[in-house]
Amino acid sequence: MISSWFKSGSPWIWLNAAAVSACLIMIVGVLGLIVVRGIGHFWPAQVTRFSYQEDNAQVKTLFAEIIDTSVTPAAAAKISGYKMADNEEDLVQYQIKTGNRDVTGAEFRWLQERNIKSQDQPADLM
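In this note's numbering, the protein residues as written are 57 to 182.
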């Protein structure tokens, strides 16, 4: 009975249908993954306003998205060339994305927390 079923070609039709179904499910899955990951690129991120002052310069206002935070022990920061006060235990830095590559030549930069005078997230900015 099984040999006649194989000779009829019916299993190959079902196998072909299963393969096409699996391919369609994988294509829909990949397209869904692209959409979910891609929406994050176009979705507006939380923008932070920084009042920032570097080494006795005037205070600058920056609008940026916080990308990463780095905490470096004071001893390692001194070895790396950062000027650290004796009472500072850590050097905290924020990597921000300003998005001004055409104006400043750099899209990302690091801000030291000790030089940030104020930081807020205005609701009416975006």
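Even glycine gets a Cβ: it sits at the ideal position worked out from N, Cα and C.
For T160, the first and last residue of its enclosing alpha helix (DSSP H): The residue labelled residue 160 in the question sits at position 104 within the sequence shown. Element bounds for T160: R157 to T160.
Can the beta-carbon of I122 be found less than 8 Å from the beta-carbon of F164? One-based indexing of the sequence shown puts residue 122 at position 66. One-based indexing of the sequence shown puts residue 164 at position 108. Cβ atoms of I122 and F164: not closer than 8 Å.
My guess is that R93 and P178 are in contact by the Cβ rule of under 8 Å, so how many angstroms apart are they, rounded? Walking along the sequence shown from the start, residue 93 turns up at place 37. Walking along the sequence shown from the start, residue 178 turns up at place 122. Between R93 and P178 a beta carbon distance of about 28 Å is seen, past the 8 Å cut, so the two are scored as non-contacting.
Go ahead and pull the three-state DSSP assignment for A141. Position 85 of the sequence shown holds residue 141. The answer is coil: DSSP assigns A141 none of H, G, I, E or B.
Three-state secondary structure (DSSP) of L118: For the purposes of this step, residue 118 is taken as the residue at position 62 of the sequence shown. Per DSSP, reduced to three states, the secondary structure at L118 is strand.
Can you name, in chain order, every residue of its own chain whose Cβ lies under 7 Å from the Cβ of Y138, other than the five neighbours on each side? Stepping through the sequence shown from its first residue, residue 138 is reached at position 82. Correct list, in chain order: L147.
Smallest Cα separation from G155: which of A74, L118, D111 and P67? Taking the sequence shown and counting its residues from 1, the one referred to as residue 155 is at position 99. When each option's Cα is compared against that of G155, the closest is L118.
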